[in-house]
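Those sequence lines, one after another, are chains A and B. In terms of my numbering, the first sequence has 97 at position 97, counting the first letter as 1, and numbering is strictly consecutive. In my numbering, each number is its position in the second sequence, counted from 1, plus 374. Ideal Cβ placement from N, Cα and C applies to all residues, glycine included. Structure record follows, encoded as structure tokens.
2 protein chains.
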Amino acid sequence: MTLRFGIDATVATGGRSGRLWTPHGVVETPVFMPVGTAGSVKGVDPEALAGVGVEMILANTYHLHLRPGEDVVADIGGLHGFTGWRGPILTDSGGFQVFSLAALRTLDDDGVRFQSHIDGAHLALTPESVVGIQESLGADIIMPLDHCPPHDATGGDLEAAVRRTTLWARRSLAARRRPDQAMFGIVQGGVDVALRRRHLDTLAALPFEGYALGGLSVGEPLEEMYRVLARVAPHMPGDRPRYLMGVGSPDAVIEAVRRGIDMFDSVYPTRMGRHGTVMTADGPMNIRNAAHARGAGPLDPSCDCPTCTGFSRAYIRHLIKSREILGYRLATVHNLAFMARLMQNLRRALREDALEAFRTDFWRRYYRDVPPPG
Amino acid sequence: MTLRFGIDATVATGGRSGRLWTPHGVVETPVFMPVGTAGSVKGVDPEALAGVGVEMILANTYHLHLRPGEDVVADIGGLHGFTGWRGPILTDSGGFQVFSLAALRTLDDDGVRFQSHIDGAHLALTPESVVGIQESLGADIIMPLDHCPPHDATGGDLEAAVRRTTLWARRSLAARRRPDQAMFGIVQGGVDVALRRRHLDTLAALPFEGYALGGLSVGEPLEEMYRVLARVAPHMPGDRPRYLMGVGSPDAVIEAVRRGIDMFDSVYPTRMGRHGTVMTADGPMNIRNAAHARGAGPLDPSCDCPTCTGFSRAYIRHLIKSREILGYRLATVHNLAFMARLMQNLRRALREDALEAFRTDFWRRYYRDVPPPG
């Protein structure tokens with residue numbers, strides 16, 4: 001095992017805190033991974049990421065395969081050498097981007113053929129090529145190609161996606177050549193709990209170093225996702241990390257942590273920041289709002305990030321409204337600091353067996369009058 | 375006098391090194407000021423600016439007047455509080471931007487009426503309003519509204535611009551209320567040396583704390599500018615800073631320093647960087663070029679900036695080609711480090727009376743086979 005995972009606290013709802021040892025350092029869990037789509041968390045250099053408490057990042061295989069190509073990244077020392085980020089990295093399989101970005105997909109058991117969204121080039125991904133690409137990229141954790149159906153897929157379509165994902169999971173494991181990378185299995189099944197549980201049991205018998213839930217947070221109501229989490233997460237292998245893909249809003253992260261999820265990734269905080277929505281202790285705030293035009297104070301008075309200690313709301317509003325790229329950076333840095341602090345607080349609450357109180361307090365303040373689900 | 379200026383070395387061609395004391399710190403001259411158009415040097419926070427040796431910046435009155443408005447900036451502590459840049463700042467008069475960006479200008483002795491390039495709003499600038507705006511912005515050095523004619527203006531048009539600029543200079547001085555800001559006179563006259571000298575003599579009799587050459591580097595051949603510099607700069611008051619507006623390419627900076635210019639501003643290094651042209655000891659380099667696709671080394675092996683010590687050519691090329699904003703930042707930081715180092719080297723050469731040798735060496739290496747002018 002290239003990955004070591006240890007749990008140091010568990011609470012009654014299933015939530016747990018722990019540590020993940022990777023070839024590029026130890027990560028405390030639950031962890032949130034910002035997304036460095038094309039090999040950069042938009043606008044933020046690795047030093048600034050580390051400065052606000054980011055421990056691990058995700059990079060997109062699809063984007064890096066298209067540009068600059070995994071061979072270029074490999075030449076420059078893999079993703080760590082290429083991006084300058086020295087901590088742990090996870091790469092996704094590219095499948096999700098093929099389904100959401102690429103044109104003219106054709107899909108069969110062999111893999112997926114598609115056209116690049118950049119230049120229309122005809123490309124293909126197979127389970128084997130996806131492993132090869134990720135081995136060139138050199139992340140600490142890699143993901144097998146999976147078939148992620150749309151959120152409104154039902155019956156036969158969901159079953160077919162599960163079957164194909166299992167087929168590809170086996171082929172992905174067989175294709176592995178690098179002993180220093182971990183690979184997680186991806187559980188599909190939409191919001192069909194029985195199907196998810198069956199898929200999970202199938203994959204749990206395979207030698208994956210962790211398990212991910214795919215195909216959630218793809219458009220279904222949040223309550224549906226919470227229901228699936230409550231009934232599936234407890235059955236995921238307890239001694240291996242549990243990763244909920246594509247989730248990064250505070251509500252969903254807290255609810256999933258409560259159910260025992262250890263890892264998250266999402267463009268949510270970075271994309272929101274670029275659009276001018278900043279996360280504060282009192283909830284999300286649209287900095288473009290005229291109310292902030294003369295705001296001399298920081299985005300969040302309780303935040304100690306470089307944005308909040310150095311710049312006023314008025315300045316950040318001005319930059320964002322003027323489309324100045326420094327504005328995107330400053331808002332992103334703040335939102336990442338917010339997320340890192342949220343994860344820290346969640347870990348502390350788990351270790352002190354105080355998650356329910358933390359959850360109630362957080363929901364009350366961040367979401368005002370909206371009660372937590374369930 | 376709010377500004378103190380001292381010269382510590384002069385060379386035979388007229389070049390000199392010195393120091394400029396401002397309310398926000400001491401600047402060594404000759405100095406290059408990066409441009410923070412809308413209150414930010416695009417993509418680079420103040421800490422990173424200072425980190426690469428930037429000593430002083432310029433901000434554009436026109437842009438800040440339109441958005442967010444000088445009253446907002448004043449509310450947040452002036453430009454220093456607003457932007458977080460704690461060093462010296464110079465604001466231009468806005469006149470140049472009115473002439474180059476705004477629509478439907480009408481110009482008379484009272485001032486200029488125009489439409490905002492952002493929202494088409496009908497606006498006006500007068501010498502008095504421009505002083506008022508800059509007093510609200512709170513820079514260390516402010517500039518009077520001037521009439522900058524196009525580079526191909528001749529005869530009567532040039533004369534009229536000079537006459538109007540003088541009129542406005544007097545009105546600007548009369549409008550001043552803040553004793554802690556310095557104001558420079560702006561010499562016009564195109565490439566007509568006699569007219570420039572006459573204008574200079576007129577303005578030199580007025581109580582300006584420094585003198586600027588406006589209306590150069592606006593499209594005329596560089597040789598024309600060099601000719602004007604050689605014949606006008608020596609007559610600018612020697613005990614006050616001499617500022618060549620809008621110039622920032624290494625060739626022009628070196629030639630102007632040689633003729634006794636102390637201050638420069640230009641978007642050249644920052645704009646070039648965003649477009650992927652990086653300045654190296656061996657000349658400008660287009661990082662978008664395919665030759666750099668697998669470049670594992672830094673942009674410039676002789677550079678110690680955070681970009682060159684942290685990132686490969688291949689990565690920066692990838693970011694710029696992918697329009698990732700981190701790429702703009704990294705290239706800009708490098709180009710600003712290059713310019714800061716060039717100015718340092720020029721100051722050292724002036725102090726060691728070795729400017730001619732430095733100039734020959736620099737031209738030979740940076741511009742390859744192109745000999746220096748004259």
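Just tell me which of the options has its CA closest to the CA of residue i.
i        : options                                   : result
A/Pro23  : A/Arg67, A/Lys42 and A/Gly138             : A/Gly138
B/Leu423 : B/Val447, B/Arg390 and B/Gly458           : B/Gly458
A/Gly190 : A/Thr166, A/Val228 and A/Trp168           : A/Val228
A/Phe99  : A/Pro34, A/Val218 and A/Met343            : A/Val218
A/Ala331 : A/Leu125, A/Arg364 and A/Thr270           : A/Thr270
B/Asp656 : B/Gly452, B/Leu587, B/Arg738 and B/Ile492 : B/Arg738
B/Arg537 : B/Asp484, B/Leu497 and B/Leu499           : B/Asp484
B/Gly451 : B/Glu509, B/Gln471, B/Gln562 and B/Leu532 : B/Glu509
A/Ile89  : A/Glu223, A/Ile261, A/Ala337 and A/Ala182 : A/Ala182
B/Phe456 : B/Gly443, B/Thr376 and B/Pro624           : B/Gly443
B/Arg632 : B/Asp449, B/Ala723, B/Leu478 and B/Met407 : B/Ala723
B/Asp575 : B/Ala548, B/Gly392 and B/Val606           : B/Val606
A/Phe338 : A/Glu356, A/Pro301 and A/Ile133           : A/Pro301
B/His666 : B/Ala448, B/Ile694 and B/Ile560           : B/Ile694
B/Ser391 : B/Tyr740, B/Arg721, B/Leu729 and B/Phe406 : B/Arg721
B/Val400 : B/Arg460, B/Ile516, B/Val446 and B/Val447 : B/Arg460
A/Leu107 : A/Ala160, A/Asp140, A/Asp152 and A/Leu64  : A/Ala160
A/Pro220 : A/Phe311, A/Asp152 and A/Thr29            : The question names Pro, but residue 220 of chain A in the sequence shown is Glu. Closest option to A/Glu220, Cα to Cα, is A/Asp152.
A/His65  : A/Thr29, A/Val31, A/Ile118 and A/Gly51    : A/Ile118
A/Asp62  : A/Glu224, A/Ala12 and A/Ile133            : A quick correction: the sequence has Tyr, not Asp, at residue 62 of chain A. The residue with the shortest Cα to Cα distance from A/Tyr62 is A/Ile133.
Just to make sure I have the definition right: I need the residues of chain B whose C-beta is within less than 8 Å of the C-beta of residue i. Which are they?
i        : result
A/Arg294 : Val446, Asp449 and Ile450
A/Leu319 : Ala412, Gly413 and Ser414
A/Thr270 : By Cβ distance, chain B contributes nothing, its closest Cβ being about 11 Å from A/Thr270, past 8 Å.
Suppose you measure from the CA of residue i to the CA of residue j; what does that come to, to the nearest Å?
i        : j        : result
A/His404 : A/Val112 : Coverage of chain A is limited to positions 1 through 374, which leaves residue 404 of chain A absent and any answer about it impossible.
B/Val567 : B/Gly584 : 20 Å
A/Met56  : A/Ile287 : 27 Å
B/Arg691 : A/Ser116 : 20 Å
B/His573 : B/Thr539 : 9 Å
B/Val621 : B/Pro615 : 16 Å
A/Pro371 : A/Val253 : 15 Å
A/Ala204 : A/Leu125 : 25 Å
B/Asp727 : B/Asp382 : 11 Å
A/Phe5   : A/Leu173 : 20 Å
A/Arg19  : B/Arg441 : 48 Å
B/Leu519 : B/Phe638 : 18 Å
B/Arg479 : B/Gly650 : 34 Å
B/Ala586 : B/Arg571 : 13 Å
A/Pro237 : A/Asp262 : 12 Å
A/Gly215 : A/Ile186 : 9 Å
A/Asn60  : A/Met272 : 19 Å
A/Asn345 : B/Tyr740 : 54 Å
B/Ser696 : B/Asn663 : 14 Å
B/Ala495 : B/Gln471 : 15 Å
B/Ala476 : B/Phe488 : 6 Å
B/Glu730 : B/Leu716 : 14 Å
Would you mind giving the Cβ-Cβ distance between residue i and residue j, rounded to the nearest angstrom? I have them listed as a contact below 8 Å.
i        : j        : result
B/Ser414 : A/Glu324 : 5 Å
B/Arg551 : B/Pro501 : Contact doesn't hold; Cβ gap of about 14 Å is too wide.
B/Gly427 : B/Ala714 : 3 Å
B/Gly669 : B/Arg687 : 3 Å
A/Thr307 : A/Val267 : In fact, because the Cβ distance is near 19 Å, the residues do not count as touching under 8 Å.
A/Leu326 : B/Gly748 : With a Cβ gap of about 40 Å, A/Leu326 and B/Gly748 do not count as contacting.
A/Pro207 : A/Thr2   : The Cβ separation is near 12 Å, so there is no contact.
A/Met143 : A/Ser93  : 4 Å
A/Gly14  : A/Pro234 : 5 Å
B/Ala448 : B/Val505 : Not confirmed; about 14 Å, so no contact.
B/Ala630 : B/Leu618 : 5 Å
Whose Cβ in chain A lies nearer than 7 Å to the Cβ of residue i?
i        : result
B/Thr435 : The premise fails here: B/Thr435 is roughly 15 Å from chain A at the closest Cβ pair, so nothing lies under 7 Å.
B/Thr457 : Tyr315
B/Asp419 : Leu326
B/Ser696 : Ala38 and Arg67
May I ask you to list, following chain order, the residues of the stretch 462–485 of chain B that have a beta carbon less than 7 Å from some beta carbon of chain A? none
Identify each residue in the stretch 679–692 of chain B for which the Cβ-Cβ distance to at least one residue of chain A is less than 7 Å, and report them in chain order. If the cut-off is 7 Å between Cβ atoms, the stretch 679–692 of chain B has Gly684, Phe685, Ser686, Ala688, Tyr689 and His692 near chain A.
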